[in-house]
Amino acid sequence: MDELISSAKDYKDELYKQLSRIGKCLSSDKRLEILNLLAQGPKTVEKLTQDTGMNVANVSRHLQILNDSRLVKFTKKGTYAIYSLADPYVVEFLFSLWHIAENQLSDITRIKEDFLGGMEGLYTLTMDQVYEKLNREDVVLLDLRPTDEYNAGHIEGAVSVPMEKLDVYLQQLPRDKEVVAYCRGQFCAFSAIAAQKMKNQGFMAYRMAESFHEWQKYLELKH
């Protein structure tokens with residue numbers, strides 16, 4: 001019996017040791033940022049370098065750690081390595097982590113309030129409200145993410161307007177249209193900035209704080 005108990009303890013210890021590999025891998029804010037970007041769609045090292053502001057060497061080092069922990073995978077296309085999340089469960093885990101952090105860490109709420117508080121008259125719609133407006137077909141839904149992320153997956157009916165092209169797009173949009181902007185989710189500021197810009201130009205504009213992936217989960221629960 002003592003031998004079985006000892007074996008059970010070894011079994012438990014080994015499992016926790018493997019589990020800790022994921023925890024150690026997630027201990028970097030930059031690796032979390034990379035995972036969030038890959039949750040939007042596959043990306044090359046060069047694109048991740050551009051999006052994160054890190055250099056190629058640092059991005060490659062973080063990707064190697066993520067790959068060793070089996071959180072990401074890559075394929076080769078010519079001379080380029082294209083990275084993606086290793087499994088859809090990684091996306092689910094990431095969003096659970098975001099929600100836990102937001103609920104448990106008051107600093108996250110404070111940081112968001114400090115940023116959004118400076119935007120006068122900014123309106124944030126719930127997914128229920130966006131859903132109702134889309135069903136009535138009386139709103140223009142803008143996806144502010146880069147084109148490759150839009151092509152990887154987007155809310156049905158959304159128009160691809162990358163943030164850097166917003167000013168040009170607004171020149172041809174009637175001002176009597178209601179407009180809702182969304183981006184990469186809670187950790188992206190573009191939806192708020194775009195909604196504020198559009199409001200200042202006379203549009204009835206809103207933001208949706210959630211991402212495309214959160215929208216997918218919302219639709220699954222709704223249906």
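For the sequence shown, UniProt numbering begins at 1 and goes up steadily by one. All residues carry an ideal CB built from backbone N, CA and C; glycine is no exception.
Whole-angstrom distance between residue j and residue i, CA atom to CA atom
i	j	result
serine 69	lysine 17	12 Å
threonine 124	methionine 54	31 Å
histidine 213	alanine 181	15 Å
cysteine 25	glutamine 171	45 Å
asparagine 151	arginine 145	10 Å
phenylalanine 93	glutamate 113	25 Å
glutamate 132	arginine 110	30 Å
arginine 31	methionine 163	24 Å
threonine 44	phenylalanine 187	21 Å
isoleucine 100	serine 106	11 Å
With 16 other Cβ atoms within 10 Å as the buried cut-off, status of residue i
i	result
asparagine 36	buried
histidine 62	buried
serine 28	exposed
isoleucine 193	buried
alanine 158	buried
glutamate 149	buried
Spatially closest choice to residue i from the options, by CA coordinates
i	options	result
alanine 195	Gln186, Ala189 and Ala205	Ala205
threonine 147	Thr75, Leu166 and Leu19	Leu166
glutamate 178	Lys77, Glu14, Ala39 and Leu141	Leu141
arginine 184	Ser20, Ala209 and Asp107	Ala209
glutamate 220	Tyr169, Ser60 and Met127	Met127
proline 174	Phe203, Glu149 and Lys199	Phe203
asparagine 200	Ser211, Gly78, Gly121 and Val139	Gly121
glycine 117	Ala189, Ser96, Ser211 and Phe95	Ala189
Under 8 Å between C-beta atoms of residue i and residue j
i	j	result
proline 42	tyrosine 83	yes
valine 91	alanine 57	no
tryptophan 215	isoleucine 155	yes
lysine 76	alanine 86	no
aspartate 143	valine 130	no
Nearest-angstrom beta carbon gap, residue j and residue i [assumed within contact, 8 Å]
i	j	result
isoleucine 34	leucine 48	6 Å
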